[in-house]
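Some notes on the structure that comes next.
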Amino acid sequence: MSARSKARKRALDVLFESEVRGLPVGGTLADRVADNDPPVNEFTVALVEGVAKHIEQIDDLLETHSVGWTLDRMPAVDRNILRIGAYELLFDDQVPDVVAVSEAVAMARDLSTDESPVFVNGLLARLLQLKPTLGV
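For the record, in the sequence shown the residue sitting at position 44 is 44 according to full-length UniProt numbering, with numbers rising by one throughout.
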């Protein structure tokens, strides 16, 4: 697993933990950085902070373009994988679009249900298709 893939997984851990604990998006980041076990690298921090900064827009896009699913109905791990993927796809110019989608699908394959990789791929592919018209 590459260093960036590990950083994405760590960002997912932070986002998921924050949600489970009922904290704001990324609300456990400062604790995880302070604990440093396992270490939290700069890319993880950038992902969590980026998702937190754009959470309203990301969640609105995910809700609008997911067919037959509300954010509340999605498994929490899928929801947070999608948030990371959407952030990278739409707001991080340093990550190629295909990498953002591929990494999100890989996390879904490794960490979620059998159906999740197809769902994550489909929704992020739809956002990629709409990206030029989204004004982000």
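Built from N, CA and C at the ideal position, the CB exists for glycine as well.
All values reported here derive from a predicted model rather than from experimental measurement.
Rounded to whole angstroms, the gap between the alpha carbons of glycine 122 and aspartate 114 is 14 Å. Within the same chain, Cβ atoms closer than 8 Å to the Cβ of proline 38 are found at Arg10, the five residues on either side in sequence being excluded. About 6 Å separates the Cβ atoms of glycine 26 and leucine 15, confirming a contact at the 8 Å cut-off.
Between valine 20 and arginine 32, the beta carbon gap of about 14 Å keeps them out of contact (Cβ cut-off 8 Å).
A straight-line Cα-Cα distance of about 22 Å links glycine 50 and leucine 111. Rounded to whole angstroms, the Cβ separation of valine 101 and glycine 85 is 6 Å, and the two are in contact under 8 Å. Every unbroken stretch of the alpha helix (DSSP H) spanning 4 or more residues and falling wholly within the UniProt domain "NusB/RsmB/TIM44" (6-128) is given here in chain order: 29-35, 42-53, 55-65, 76-91 and 97-111. As the crow flies, the alpha-carbon of aspartate 92 is around 17 Å from that of alanine 3. Taking C-beta separations shorter than 7 Å and ignoring five residues to either side along the sequence, the partners of isoleucine 58 in its chain run Val51, Arg83, Ala86 and Tyr87, following chain order. Closest in alpha carbon position to leucine 130, among Leu89, Met107 and Gln94, is Leu89. With contacts defined as CB atoms closer than 7 Å, proline 117 and alanine 125 fail to qualify as a contacting pair. Leaving aside the five residues that flank serine 18 on each side, the residues in its chain whose CB is nearer than 8 Å to its CB run, in chain order, Pro24, Val25, Gly26, Gly27, Thr28 and Leu29.
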